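Have a look at the structure below before the remarks.
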Amino acid sequence: MNTTSPRKQLILKKNEDRRLLSGHPWIFSNEIRETKGSPAIGDIVELRAASGLLLGIGMYNPHSLIAFRLLSSVTEEIDGPFFRKRITAALALRRQLYPESESFRLVHGESDFLPGLVIDKYNNYLCVQTFSYGMDVRLSMICDVLEDLLHPDGIVERNESPLRLLEHLPQKKGVLRGSVQKTVHHENGIQFLVDTLEGQKTGFFLDQRENRAVIRRFSKNARVLDCFCNDGGFALHAARGGALEVTGIDVSEEAVQRAAQNAVLNEVQNVRFEKGDVFERLASVATEKPGDDVVVLDPPSFTKSRKTVPAARKGYKELHVNAIRSIREGGTLMTASCSHHIEQDLFLTIIREAAQKTGRKLQMLIWQGAAPDHPTLPSVPETHYLKFGVFRIC
18 MNTTSPRKQL ILKKNEDRRL LSGHPWIFSN EIRETKGSPA IGDIVELRAA
68 SGLLLGIGMY NPHSLIAFRL LSSVTEEIDG PFFRKRITAA LALRRQLYPE
118 SESFRLVHGE SDFLPGLVID KYNNYLCVQT FSYGMDVRLS MICDVLEDLL
168 HPDGIVERNE SPLRLLEHLP QKKGVLRGSV QKTVHHENGI QFLVDTLEGQ
218 KTGFFLDQRE NRAVIRRFSK NARVLDCFCN DGGFALHAAR GGALEVTGID
268 VSEEAVQRAA QNAVLNEVQN VRFEKGDVFE RLASVATEKP GDDVVVLDPP
318 SFTKSRKTVP AARKGYKELH VNAIRSIREG GTLMTASCSH HIEQDLFLTI
368 IREAAQKTGR KLQMLIWQGA APDHPTLPSV PETHYLKFGV FRIC
């Protein structure tokens, strides 16, 4: 691993610095005119415009489409003190956002100016993901900083994402420091059991934290169907909001078991969880008289690339058509998409077209994104991945 050296440089083609100058931290391989100094994969290199102007320093990967990820607009050492400064700033923001909580996303990649690095905090356990080669080779350094700054009982890596294959990185998971056990995340008076080593992603979906709270407004005396219920987040919030009955459905038996455990943990009686195919379930109830007061759609991403967007669009539309048909007049649709390839305008178009097909009208009541510990950058569309809307069915 090298320190910054003027002998290791990337020189851009003419005008290929425009996106970076507008605030986006990536340079793609086809935008590079020349490489100087024989930088190796993961090295820190200088980035220069075609004119020779220094644009900044960052991590280099000659095997990835994203060949350069900006770390700083000035020349500085990318070392322990660098990571400590950035992580300390990220921690201060989270303490401001959630002063009562010990669970939050501590570092959100590009949005915290640490591209390719995600760190989630669950009480005294940390879960780390590295999506770039440059961050991965500095993982030990990052863990040193985390131990010094937060003194966690354990640090886990959850590096099973297929995105790592694009960086020529293996998929793996395990305990990096200390030891870990299950812990309890407290959210709006509800407890969720979190398994950082075996749970989905890093153990829990913290990005829907604010959105889950919204369902309480619409749940009193309601019949609620929570589709793709996962750990039961929306379902349990609906129960606490006074729902008459709540059904959660997920294709994963493990998710259903986790949700049921969380119901027991919270002593909730009016919720049941079942294993099943959401598409089949909604298609069957859509042929009956509308009987649901609230339907939640929180599916996994339907597309990981632009080339599969047309197929994803078809799937999203089918899902929304049947969900809208199953909701009684005056009821509520709560829906989310976590794919940044399904952009906001397209997602709204899908919902509008679904409503038109059913002959129903919609009133949009709420439209928002991820929780604020998952900040977005206006200049980086990829950070605007989560869309969440609440609609009244008319």
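Using our numbering, the first residue of the sequence shown is number 18, and each one after it goes up by one. Think of the CB as a built atom: it goes at the ideal place given N, C-alpha and C, for glycine as much as any other residue. No experiment lies behind these values; they were computed from the predicted model shown.
Query	Result
Look up L350 in the DSSP assignment and give the residues it is bridged to.	V312 and F408
For D412, which three-state DSSP category applies?	Because the chain spans 18 through 411 in this model, residue 412 falls outside it and cannot be assessed.
Can you look up G151 in the DSSP assignment and give me helix, strand or coil?	helix
Going by DSSP, what residue range makes up the alpha helix (DSSP H) through I104?	G97 to L114
For G40, I'd like the list of residues in its chain whose CB is within less than 6 Å of its CB, leaving aside the five on either flank, ordered along the chain.	S396
Given 8 Å as the limit, is there contact between the region 198–210 and the region 281–289, that is, 3 or more CB pairs closer than that?	yes
In terms of DSSP beta bridges, what is K138 paired with?	F121 and L143
Quick one: Cα of F290 to Cα of D267, how far?	8 Å
Can you tell me the Cβ-Cβ gap for H202 and Y142, rounded? I've got them flagged as a contact below 8 Å.	Not quite, the Cβ-Cβ distance comes to about 10 Å (not below 8 Å), so this is no contact.
Quickly, what does DSSP pair Y77 with across the bridge? List them, please.	F85
Going by alpha carbons, who is nearest to R86 out of P317, S120, M76 and L214?	M76
List in chain order: all unbroken beta strand (DSSP E) runs of 3+ residues lying wholly within the region 230–260.	240–244
I need the boundaries of the alpha helix (DSSP H) containing D161, first residue and last residue.	L156 to L167
Within its chain, find whatever has a CB closer than 7 Å to the CB of V124; leave out the 5 residues flanking it on each side and keep chain order.	I104, A107, L131, L134, V135 and I136
How should H254 be labelled, buried or exposed, when 16 other C-beta atoms within 10 angstroms of its C-beta is the threshold for buried?	buried
Excluding the five sequence neighbours on either side, which residues of its own chain have a C-beta within less than 6 Å of the C-beta of I159, listed in chain order?	F100
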